[in-house]
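Colleague: Mind looking over this structure? Questions follow.
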Amino acid sequence: MGKVIAIANQKGGVGKTTTSINLSAALAAREKKVLVIDTDPQGNTTSGFGVEKNELENTIYELMLGECSIKECILNDVIPGISIIPSNVNLAAAEIELIGVDRKEFILKREIEWIKESYDYIMIDCPPSLNMLTINSMTTADSVLVPIQCEYYALEGLSQLIHTINLVKERLNPDLDIEGVVFTMYDSRTNLSMQVVENVKDNLNQKIFNTVIPRNIRLAEAPSYGKPINLYDVKSAGAEAYLSLADEIIQGKED
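Per the UniProt record's numbering, residue 1 is the first one in the sequence shown, and the count goes up by one each step.
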């Protein structure tokens, strides 16, 4: 049965989309069948897989509004092993259009039930805010993976996110867990990166992945070519890091 992992942090620029794209691709490289769901109206995960997001007939927006079926909005095998439910700027209006809709927190969950058995992993890239789309992602998910940038304000906002996850668990999805925290944009040349890692470890009572995602030029370049890092530069430090993170996720699921 597919495991659903929401990748969430309400702070922007923490490597959330980078992690969604490259962790999914690394899982596919480990011969897992992966569905990626882009719930961010910016659609960066969609374009990061080389999909022309503004030319799509059916996206998650049409799915949320009941204008298409889940099978109609899945783009199959955008790269080997990965299918995607795409997003574009239209999704920004979904919040308003869903006002008054009954049980709107569970729209995505109901749809995913139809296809959950078909995948090993379903990865959801959440928007960088705690809104209706993020709540939908968390009611659908089995766990939440939290990327944290190695910077001074890393812990700020994290307690708010964990509070939200706990609220969703309490009121909407009792099975929701925190998959773990992964450090991104780690620069081994700076003391700050090391201090942030130690600080979070000391103050956070959550699982922290051993894999740390480095600051990496190739990782930053890959999206502009519409490719995940393991197809853009498989030998780069970024590609190796995401393969290592995928192995930890797989190991965690099997334990």
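Cβ coordinates follow ideal geometry from the N, Cα and C atoms, glycine included.
Using DSSP's beta-bridge definition, name the partner residues of residue 3.
Modeller: Note: residue 3 sits in a beta bridge opposite 121.
Colleague: If the criterion is Cβ atoms closer than 8 angstroms, does the pair residue 149 and residue 180 meet it?
Modeller: It is not a contact, given that the beta carbons lie outside the stated cut-off.
Colleague: Would you call residue 202 buried or exposed, if buried means 16 or more other Cβ atoms sit within 10 Å of its Cβ?
Modeller: That one is exposed.
Colleague: Kindly indicate which residue of 254, 213, 196, 218 has the alpha-carbon position closest to the one of residue 23.
Modeller: Of the candidates 254, 213, 196, 218, the one whose C-alpha sits nearest the C-alpha of residue 23 is 213.
Colleague: Pairing CB atoms from the stretch 54 to 63 with CB atoms from the stretch 22 to 36, are three or more of them under 8 angstroms?
Modeller: Counting Cβ pairs under 8 angstroms, fewer than three are found: no touch.
Colleague: Please specify which runs of the alpha helix (DSSP H), each continuous and at least 4 residues long, are wholly inside the stretch 82 to 144, giving them in chain order.
Modeller: Taking only runs of at least 4 residues, the alpha helix (DSSP H) segments lying wholly in the stretch 82 to 144 are 94 to 97, 107 to 112, 132 to 140.
Colleague: Once the 5 residues before and after residue 68 are set aside, which same chain residues still bring their CB inside 7 angstroms of it?
Modeller: 58, 62.
Colleague: Mark residue 224 as exposed unless 16 or more other C-beta atoms lie within 10 angstroms of its C-beta, in which case mark it buried.
Modeller: The residue in question, residue 224, is exposed, as its Cβ has fewer than 16 Cβ neighbours within 10 Å.
Colleague: Specify, as a first and last residue, the run of the alpha helix (DSSP H) that residue 21 falls within.
Modeller: 16 to 29 is the span of the alpha helix (DSSP H), which, as asked, contains residue 21.
Colleague: Excluding the five sequence neighbours on either side, which residues of its own chain have a C-beta within less than 6 angstroms of the C-beta of residue 219, listed in chain order?
Modeller: Within the same chain, residue 219 has close Cβ partners 229, 238.
Colleague: In this structure, does DSSP put residue 199 in helix, strand or coil?
Modeller: Residue state, collapsed to three classes: helix.
Colleague: Does the stretch 40 to 47 touch the stretch 117 to 127, meaning 3 or more C-beta pairs lie closer than 8 angstroms?
Modeller: Cβ pair count under 8 angstroms is three or more, so yes.
Colleague: Our contact map puts residue 48 next to residue 21 with C-beta atoms below 8 angstroms; I'd like the distance itself, whole angstroms only.
Modeller: 4 angstroms between Cβ atoms; contact.
Colleague: Go through its chain and collect everything with a Cβ distance to residue 195's Cβ below 7 angstroms, but skip five positions before and after it.
Modeller: Excluding sequence neighbours, residue 195 sits near nothing in its chain.
Colleague: Counting only the same chain and skipping the five closest in sequence on each side, list residues whose C-beta sits under 6 angstroms from that of residue 173.
Modeller: So the qualifying residues of the chain are 139.
Colleague: Short of 8 angstroms in beta carbon distance, which residues of its chain neighbour residue 74, apart from the five on each side in sequence? Order them along the chain.
Modeller: Excluding positions up to five away in sequence, the list reads 35, 83, 84, 85, 115.
Colleague: Expressed to the nearest angstrom, what Euclidean distance is found between the alpha-carbon atoms of residue 226 and residue 234?
Modeller: Approximately 15 angstroms, taken between the alpha carbons.
Colleague: Could you compute how far the alpha carbon of residue 152 sits from the alpha carbon of residue 72?
Modeller: About 44 angstroms.
Colleague: Check whether the Cβ atoms of residue 119 and residue 2 sit closer than 8 angstroms, and answer yes or no.
Modeller: Closer than 8 angstroms, so yes.
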